[in-house]
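Note that the sequence shown covers residues 20 to 269 in our numbering.
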Amino acid sequence: MTLKFSYKGIAIAIGIISIWFGAMIFVLKANIAIITLLPALIVLILLYTGLFITAHDAMHGTIAPKHPRINAFIGVCCVLLYALFSFKKLRKQHRLHHANPAAENDPDYHDGNHTGFWLWYLNFLLRYVTIYQVISMAIAFNILHHVFEIALERLLVFWVLPSLLSTLQLFYFGTYLPHRKPDGGYDNRHRARSNNYPSWLSFLTCYHFGYHWEHHEQPNVPWWLLPTLRDHYLKKFKPSYHRQSIQRTN
Numbered sequence: 020m021t022l023k024f025s026y027k028g029i030a031i032a033i034g035i036i037s038i039w040f041g042a043m044i045f046v047l048k049a050n051i052a053i054i055t056l057l058p059a060l061i062v063l064i065l066l067y068t069g070l071f072i073t074a075h076d077a078m079h080g081t082i083a084p085k086h087p088r089i090n091a092f093i094g095v096c097c098v099l100l101y102a103l104f105s106f107k108k109l110r111k112q113h114r115l116h117h118a119n120p121a122a123e124n125d126p127d128y129h130d131g132n133h134t135g136f137w138l139w140y141l142n143f144l145l146r147y148v149t150i151y152q153v154i155s156m157a158i159a160f161n162i163l164h165h166v167f168e169i170a171l172e173r174l175l176v177f178w179v180l181p182s183l184l185s186t187l188q189l190f191y192f193g194t195y196l197p198h199r200k201p202d203g204g205y206d207n208r209h210r211a212r213s214n215n216y217p218s219w220l221s222f223l224t225c226y227h228f229g230y231h232w233e234h235h236e237q238p239n240v241p242w243w244l245l246p247t248l249r250d251h252y253l254k255k256f257k258p259s260y261h262r263q264s265i266q267r268t269n
């Protein structure tokens with residue numbers, strides 16, 4: 020699937036960033052009823068995940084094809100808002116992941132069959148989170164609390180917690196499920212599998228990033244076109260496509 024430049028990718032990226040900003044300002048300042056606490060938290064987790072998926076698309080240049088500066092600018096904005104990550108470092112590591120999926124030199128992989136989910140997840144966090152980042156986030160936290168007078172409990176519940184929980188969402192649906200080694204071993208060159216969720220559920224779980232074999236097959240396709248790409252492969256290669264790429268969870 021060859022992509023031409025259009026403003027749709029930029030508009031979607033700006034939309035996610037803008038909604039995240041609006042939601043964050045609202046929950047940090049407005050009076051939130053107890054009954055709406057959990058729904059607000061779920062929405063924020065989804066928005067944080069959207070920030071990172073947008074940054075991921077920027078790493079692949081799919082937000083604005085043939086305009087690397089626009090992609091980099093949007094990517095930098097997203098990872099800074101997410102948790103003050105380095106876009107350049109994340110992009111370098113992600114390229115290694117695509118070059119060596121589920122191998123020893125894949126920075127996202129950690130022998131998931133033997134260490135299990137939680138040790139793999141901890142290794143995943145330790146590989147990407149730096150001391151500089153933790154200190155910077157602590158400074159930002161104190162500025163928001165002492166300068167902007169945002170209550171501690173609001174910052175913890177609506178700023179810290181959803182970002183942490185979104186890392187679990189991203190890891191589980193975007194790394195662990197797609198790349199954990201099946202009982203019979205990997206059966207395709209990407210060492211990746213896709214979930215078999217309908218499009219609406221695929222979006223809610225991880226912005227279609229669970230269609231992971233498709234992403235590795237054509238990394239130039241943005242997240243919002245992955246269902247279209249998946250349908251294309253299903254129609255063209257079914258049933259062999261199912262056997263090779265769909266996640267086997269039974």
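For each residue, glycine too, the CB sits at the ideal point set by N, CA and C.
Check whether the region 77–94 touches the region 54–63, taking contact to mean three or more Cβ pairs, one atom from each stretch, closer than 8 Å. By the Cβ test, the region 77–94 is not in contact with the region 54–63, since fewer than three Cβ pairs between them sit closer than 8 Å.
Have a look at Leu171, Ile29 and Gly229 and flag the residue whose alpha-carbon is nearest the alpha-carbon of Asn90. Position 71 of the sequence shown, counted from the first residue, corresponds to residue 90. For the residues Leu171, Ile29 and Gly229, the minimum Cα distance to Asn90 belongs to Ile29.
Looking at the structure shown, is Ser185 part of a helix, part of a strand, or coil, going by DSSP? Within the sequence shown, the letter at position 166 stands for residue 185. It is helical.
Start-to-end residues for the alpha helix (DSSP H) that takes in Arg88: As a first step, residue 88 must be located in the sequence shown, where it is residue number 69. For Arg88, the enclosing alpha helix (DSSP H) starts and ends at Pro87 to Ala102.
Could you say which of Pro238, Leu196, Ile72 and Ala83 lies nearest to Val98 if we only look at CA atoms? What you label residue 98 is simply residue 79 of the sequence shown in a count that begins at 1. Nearest option by C-alpha distance: Ile72.
Looking only at C-alpha atoms, which of Leu65, Ile51 and Ile54 sits nearest to Ser221? If you number the sequence shown from 1, residue 221 lands on position 202. Looking only at Leu65, Ile51 and Ile54, the smallest Cα-Cα distance to Ser221 is reached by Leu65.
If we ignore side chains and look at the alpha-carbon of each, how far apart do Asn214 and Gly229 end up? For the purposes of this step, residue 214 is identified with residue 195 of the sequence shown, where counting begins at 1. For the purposes of this step, residue 229 is identified with residue 210 of the sequence shown, where counting begins at 1. Cα to Cα, the separation comes out at about 6 Å.
Anyone know if the C-beta pair for Pro87 and His235 falls short of 8 Å? For this step, residue 87 is matched to residue 68 along the sequence shown. For this step, residue 235 is matched to residue 216 along the sequence shown. Contact flag unset, no.
Could you check if Pro241 is buried or exposed, using at least 16 other CB atoms within 10 Å of its CB as the buried criterion? Looking up residue 241 in the sequence shown gives position 222. With 16 or more other Cβ atoms within 10 Å, it is buried.
Check for me: the alpha helix (DSSP H) holding Ser37 runs from which residue to which? By 1-based counting over the sequence shown, the position of residue 37 is 18. Residues Lys27 to Lys48.
Between the region 194–201 and the region 159–176, do three or more beta carbon pairs fall short of 8 Å? Flag = no, the region 194–201 and the region 159–176 do not touch.
How big is the Cα-Cα spacing for His116 and Ile38? On the sequence shown, residue 116 is found 97 positions in, with the first residue counted as 1. On the sequence shown, residue 38 is found 19 positions in, with the first residue counted as 1. When rounded, the distance between both Cα atoms is 30 Å.
Sort Phe190, Leu103, His209 and Gly41 by Cα distance to Cys225 and report the nearest one. Translated into the one-based positions of the sequence shown, residue 225 becomes position 206. Considering only alpha carbons, the answer is Phe190.
Roughly how far, in whole angstroms, is the beta-carbon of Leu47 from the beta-carbon of Arg173, given that I think they are within contact range, below 8 Å? Stepping through the sequence shown from its first residue, residue 47 is reached at position 28. Stepping through the sequence shown from its first residue, residue 173 is reached at position 154. Contact flag correct, Cβ pair sits at about 5 Å.
In chain order, what residues of the same chain lie with their CB nearer than 8 Å to the CB of Leu103, ignoring the 5 residues before and after it? Numbered from 1 along the sequence shown, position 84 holds the residue referred to as residue 103. Same-chain partners within the cutoff: Gln152, Ser155, Met156 and Ala159.
One question on the structure: do Tyr101 and Ala74 come within less than 8 Å of each other, judged by their Cβ atoms? Here residue 101 is taken as the residue at index 82 of the sequence shown, counted from 1. Here residue 74 is taken as the residue at index 55 of the sequence shown, counted from 1. Yes, they are a contact pair.
Once the 5 residues before and after Leu245 are set aside, which same chain residues still bring their CB inside 7 Å of it? Numbered from 1 along the sequence shown, position 226 holds the residue referred to as residue 245. Closer than 7 Å at the Cβ level, and outside the excluded window around Leu245, lie His227, Tyr230, Glu233 and His234.
Per-residue DSSP class, three states only, for Pro246: Numbered from 1 along the sequence shown, position 227 holds the residue referred to as residue 246. Pro246 falls in the helix class under three-state DSSP.
Measure from the alpha carbon of Trp139 to the alpha carbon of each residue in Leu187, Ser182 and Gly94, then state which is nearest. Here the question's residue 139 lines up with position 120 in the sequence shown. In this structure, Leu187 is the residue among Leu187, Ser182 and Gly94 with its C-alpha nearest to the C-alpha of Trp139.
With 16 as the cutoff for other CB atoms within 10 Å, does Pro217 come out buried or exposed? The residue labelled residue 217 in the question sits at position 198 within the sequence shown. Per the 10 Å Cβ criterion, exposed.
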